[in-house]
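Visitor:
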Amino acid sequence: DAQFQSISEKLEKLINDYLDQNNITGQQKNDIKDMISLKSCLSVCSPGEPVGMLAAQSVGEPSTQMTLNTFHFAGRGEMNVTLGIPRLREILMVASKNIKTPSMEVPFHQNLQKLNKKAERLRKSMTCVTLANVLEYVDVMEHLDYESVFRNYTYRVHFQFLPRRAYKYDSDVKPKQILRHVERRFIGEVVSNVYRRSQLKKDVVTSEAEKETTGRARRRRGEDEEDQDIDAKEPETAGPSRAADDSSDEESIAEDEDASAEKRRMRQKEEQEYQDPEKETTGR
Numbered sequence: 001d002a003q004f005q006s007i008s009e010k011l012e013k014l015i016n017d018y019l020d021q022n023n024i025t026g027q028q029k030n031d032i033k034d035m036i037s038l039k040s041c042l043s044v045c046s047p048g049e050p051v052g053m054l055a056a057q058s059v060g061e062p063s064t065q066m067t068l069n070t071f072h073f074a075g076r077g078e079m080n081v082t083l084g085i086p087r088l089r090e091i092l093m094v095a096s097k098n099i100k101t102p103s104m105e106v107p108f109h110q111n112l113q114k115l116n117k118k119a120e121r122l123r124k125s126m127t128c129v130t131l132a133n134v135l136e137y138v139d140v141m142e143h144l145d146y147e148s149v150f151r152n153y154t155y156r157v158h159f160q161f162l163p164r165r166a167y168k169y170d171s172d173v174k175p176k177q178i179l180r181h182v183e184r185r186f187i188g189e190v191v192s193n194v195y196r197r198s199q200l201k202k203d204v205v206t207s208e209a210e211k212e213t214t215g216r217a218r219r220r221r222g223e224d225e226e227d228q229d230i231d232a233k234e235p236e237t238a239g240p241s242r243a244a245d246d247s248s249d250e251e252s253i254a255e256d257e258d259a260s261a262e263k264r265r266m267r268q269k270e271e272q273e274y275q276d277p278e279k280e281t282t283g284r
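Residue numbers (the UniProt record's numbering): 1 to 284.
Here you go:
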């Protein structure tokens, strides 16, 4: 027979109270006592074991796990979730609109009538729906317009949406809601983004032209000064020295203008490259 080491009086009292309250007798009573006694033996530290270090590890390990950005399931890339401190931070502190892994668990009372139906309705209403979820394909056609005074490119964009049966089990969005969102918000945002990017491109082209104009002016000014020096053929005196100083000042001003134009052009390129408009959703 297996014999366990002695347990504390408090633990023994807890075991007996539990058995009496639940009216457990017979072999099941002995099994419960053996199981708890075994757990008690395994949880006791050996003499000389550093209990302080183990306690610190037991406290630090959960917080270390909570600082991880994502938890993943082996072989299931779509099952990655954000938990712990990063999850609380992006929901409560940052309140970001575009959270990394949008998922939620909502517990329900088990005594509700038609629980599955109500839970499914709530899941559909809380599911995020983007245009990519309900869009089948997009056709973009362009042609050059010769009839107007100025030649213009005309673009025609055709959106083909999926039928209702393709997404009705995932969300409660109706086709009318999708069309209303596209007509009232999406088209306007696309046009504004195109206009903004065209203005950025125009500013970049203008900066390039300003740089080229400044460079030509500086070269022309240098050539004129060289011609004047050749025609004058005067010995080096205080006058030419002052003229050289003035020329150096003008060249430094031109170089400063070139540097400012270059910085402005690089800043505009960075804004055009890294600007990322937020995605709008069609669901609630």
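Glycine included, every Cβ here is placed at the ideal spot set by N, Cα and C.
It should be emphasised that the depicted structure is a prediction, and the values quoted were computed from it without experimental measurement.
Look up Asn30 in the DSSP assignment and say whether it is helix, strand or coil.
Guide: In this structure, Asn30 counts as helix in the three-state DSSP scheme.
Visitor: Is the separation between the beta-carbon of Val133 and that of Tyr169 shorter than 8 Å?
Guide: Note that residue 133 corresponds to Asn in the displayed sequence, not to Val. Contact: no.
Visitor: Can at least three beta-carbon pairs, one atom from the stretch 131–151 and one from the stretch 110–121, be found at a separation below 8 Å?
Guide: In short, these stretches do not touch, since the Cβ pair count stays below three.
Visitor: Could you check the C-alpha separation between Tyr137 and Ser260 for me, to the nearest Å?
Guide: Near 45 Å, if we compare the C-alpha coordinates of Ser260 and Tyr137.
Visitor: Give the straight-line distance between the Cα atoms of Ser148 and Val191, rounded to the nearest whole angstrom.
Guide: Those two C-alpha atoms are separated by around 21 Å.
Visitor: Out of Pro107, Val140, Val106 and Arg89, state which residue places its alpha-carbon closest to the alpha-carbon of Ile99.
Guide: Checked all of Pro107, Val140, Val106 and Arg89; the closest Cα to Ile99 is Arg89.
Visitor: Does the distance from the CB of Thr127 to the CB of Ser198 come in under 8 Å?
Guide: For Thr127 and Ser198, no; Cβs fall outside 8 Å.
Visitor: What is the DSSP secondary structure of Arg165, reduced to helix, strand or coil?
Guide: Residue state, collapsed to three classes: helix.
Visitor: Closer than 8 Å by C-beta to Phe108: which residues in its own chain qualify, once you throw out the five before and the five after it? Chain order, please.
Guide: Excluding sequence neighbours, Phe108 sits near Leu115, Lys118 and Ala119.
Visitor: Measuring straight from C-alpha to C-alpha, what distance separates Asp139 and Val173?
Guide: Spanning the two alpha carbons is a distance of roughly 23 Å.
Visitor: For Thr25, which residues does DSSP report across the bridge?
Guide: Paired residues: none, contrary to the question.
Visitor: Less than 8 Å separating the beta-carbons of Lys39 and Ile15?
Guide: No, these two residues do not count as a Cβ contact at 8 Å.
Visitor: Where does Phe186 fall in DSSP's three states?
Guide: Of the three classes helix, strand and coil, the one that applies to Phe186 here is helix, per DSSP.
Visitor: Can you tell me which residues form a DSSP beta bridge with Glu142?
Guide: Glu142 is bridged to Tyr155.
Visitor: Measure the alpha-carbon distance for Ile24 versus Lys13 and round it to whole angstroms.
Guide: Cα to Cα, Ile24 sits roughly 15 Å from Lys13.
Visitor: Along the alpha helix (DSSP H) that carries Arg131, what are the first and last residues, could you check?
Guide: For clarity, residue 131 is Leu in the given sequence; the question names Arg instead. Run containing Leu131: Leu131 to Val134, per the alpha helix (DSSP H) assignment.
Visitor: For Ser8 and Lys29, what's the separation of their Cα atoms in angstroms?
Guide: Each residue's Cα considered, the two are about 19 Å apart.
Visitor: Can you give me the start and stop residues for the alpha helix (DSSP H) that Leu179 sits inside?
Guide: Per DSSP, Leu179 belongs to the alpha helix (DSSP H) from Pro175 to His181.
Visitor: Apart from the five residues on each side of it in sequence, which residues of its chain come closer than 7 Å, Cβ to Cβ, to Leu144?
Guide: Excluding positions up to five away in sequence, the list reads Arg151 and Tyr153.
Visitor: Could you check the C-alpha separation between Lys97 and Glu262 for me, to the nearest Å?
Guide: Roughly 36 Å separates the two Cα atoms.
Visitor: Looking at C-alpha atoms only, which residue of Phe161, Arg184, Phe186 and Arg185 is the closest neighbour of Pro175?
Guide: Cα-wise, what sits closest to Pro175 is Phe161.
Visitor: Check the DSSP bridge columns for Tyr137 and list the partner residues they point to.
Guide: According to DSSP, which records beta bridges pairwise, Tyr137 is partnered with Gln160.
Visitor: Return yes when the Cβ of Cys41 is within less than 8 Å of the Cβ of Phe4, no when it is not.
Guide: Yes, Cβ-Cβ distance for Phe4 and Cys41 is below 8 Å.
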